[in-house]
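Comments concern the structure below.
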Amino acid sequence: MSTLRNLARRKLRTTLTVLGITIGIAALVVFSSMANQINSLVGLGAEFYDDKIVVTDGEPFGTSPMRLADADAIAALDGVAAVDPRVELLWESDLAIGFGIPDTVTGSTPGADAGHDTVPLKLATGRMLTAEDEGNLVVLGSTLAVKHGVVAGGSVEIRGEAFEVVGTLQSTLTAPDTTALVPLRTAQLIYLGDLPPLVAESLVAEELVNQIIVYPVEGSDFDAVAGAIEATIANSATMTGAEFDETVGGTTAIFNAIIIGIAVISLVVGGLSVINTMAMSVAERTREIGIKRAIGGSRRRIIRELVGEAGLIGIIGGLIGLTLGWVVVLLANDLGRSSGTVLFDLTPGTAVFAVAFSTILGMVAGLIPAWSAARLDPVAALRYE
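Numbering (this note's numbering), first residue to last: 591 to 975.
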């Protein structure tokens with residue numbers, strides 16, 4: 591209680607100091623939550639691509655047309671267990687790609703992986719597509735199902751056409767959540783219509799794909815298989831799970847660097863505020879400190895009291911900052927959930943770290959004025975006016 595009374599002596603100064611820490615911690619919580627979500631997406635994405643080699647005509651993630659016959663050529667290579675030719679395109683041809691994974695439509699032949707996919711998709715409602723399915727049928731990822739408010743038996747519009755929803759998937763927290771699965775033939779027809787007329791007129795829809803998923807034989811050298819594919823298929827590009835980590839992992843590094851920057855700003859701003867507040871407090875309480883020293887108060891006790899006050903300022907600022915950051919994260923996720931975009935993931939670890947960081951920050955910043963107060967000469971302090 592005495593610690594609270596001491597802080598309450600200068601309410602405005604203490605409030606401004608707490609506010610400085612609050613803003614820094616709130617920013618730390620928000621950006622850490624964003625980094626958590628990015629790390630989760632990258633980690634689960636790496637798991638999804640871990641057992642595959644993605645083949646495209648050009649750069650990785652490219653969408654240039656390839657021949658379905660390329661899949662047959664790849665299947666004949668040593669070390670290849672199965673191939674899954676696909677057509678992947680955006681949900682809307684004019685869809686603006688922003689932050690997060692865009693909504694996509696993927697056409698493939700069910701069962702083409704021959705059971706080699708280690709990340710099986712699980713149904714929430716309805717059924718999966720079968721190799722015999724044709725026409726405008728679709729299985730929606732969990733995010734798309736929520737976004738469009740449909741379950742199996744409903745319908746959804748894709749590219750201006752009505753599709754019957756035969757199933758919806760459970761959440762995977764990665765690419766399948768924003769993917770609509772349709773029969774390969776259906777996706778080929780849509781894809782051909784997307785191509786420039788001069789290109790499309792020389793192509794046949796049934797012969798088109800723009801991505802081939804390759805499942806190497808268990809225990810084989812993925813890099814060697816990828817090299818053999820690029821040597822066999824002209825102008826092809828391959829991406830293994832390791833390359834996915836390298837390509838996408840840079841995003842994680844950027845956000846982690848932002849978090850470090852926010853932490854440093856919090857350290858500087860909050861630390862200077864606490865030092866200023868505690869230094870002024872020591873100056874105003876010089877006689878009081880002198881009396882405590884004169885009646886036998888040890889230097890250690892003086893330091894402990896002042897550091898305790900500074901730590902309390904850090905705790906209060908940290909808790910308020912955590913609450914403010916949590917509110918921002920909650921509101922942002924609620925707003926984004928309607929459009930299928932969840933940007934933040936506030937974990938218990940992040941919450942504990944934020945409060946611990948602010949508390950330690952306050953205590954460390956309070957050490958300097960506390961040490962100065964403990965070294966005051968009792969007689970000189972008693973004469974202080």
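Even for Gly, the Cβ is constructed at its ideal location relative to N, Cα and C.
Taking 8 Å as the threshold (C-beta atoms), are residue j and residue i in contact?
i	j	result
residue 772	residue 728	yes
residue 797	residue 936	no
residue 646	residue 714	no
residue 942	residue 627	no
residue 907	residue 604	no
residue 677	residue 781	yes
residue 768	residue 694	yes
residue 766	residue 669	no
In chain order, what residues of the same chain lie with their CB nearer than 7 Å to the CB of residue i, ignoring the 5 residues before and after it?
i	result
residue 726	751, 752, 753, 754, 776
residue 976	The shown model of the chain, from 591 to 975, leaves out residue 976, and the question about it has no answer.
residue 900	864, 868, 952, 953, 955, 956
CA-CA distance, residue i and residue j?
i	j	result
residue 947	residue 962	24 Å
residue 616	residue 915	4 Å
residue 706	residue 761	20 Å
residue 554	residue 833	Summary: the structure shown does not reach residue 554, with the chain confined to residues 591 through 975, and so no result is reported for it.
residue 588	residue 945	Summary: the structure shown does not reach residue 588, with the chain confined to residues 591 through 975, and so no result is reported for it.
residue 919	residue 642	34 Å
residue 821	residue 810	17 Å
residue 687	residue 703	Legend: pLDDT at residue 687 = 49, less than 50; position of this residue unreliable, no value from coordinates given.
residue 664	residue 845	38 Å
residue 639	residue 744	31 Å
residue 923	residue 910	20 Å
residue 654	residue 940	42 Å
residue 843	residue 756	39 Å
For residue i, which of the options has the nearest alpha-carbon?
i	options	result
residue 631	683, 949, 692	692
residue 732	701, 724, 712, 749	712
residue 896	861, 847, 952, 940	952
residue 723	701, 767, 825	701
residue 667	831, 699, 817, 830	817
residue 789	739, 710, 656	656
Beta-carbon within less than 6 Å of residue i's beta-carbon, same chain only, minus the 5 sequence neighbours each way: which residues are those?
i	result
residue 867	603, 607
residue 708	641
For residue i, which residues does DSSP report across the bridge?
i	result
residue 805	672
residue 829	644
residue 759	713
residue 748	751
residue 773	698
residue 657	798
residue 729	757, 771
residue 677	697
Would the beta-carbon of residue i be found less than 7 Å away from any heavy atom of the ligand GDP?
i	result
residue 793	Annotation note on the ligand GDP: not contained in the displayed structure, which lists no ligands.
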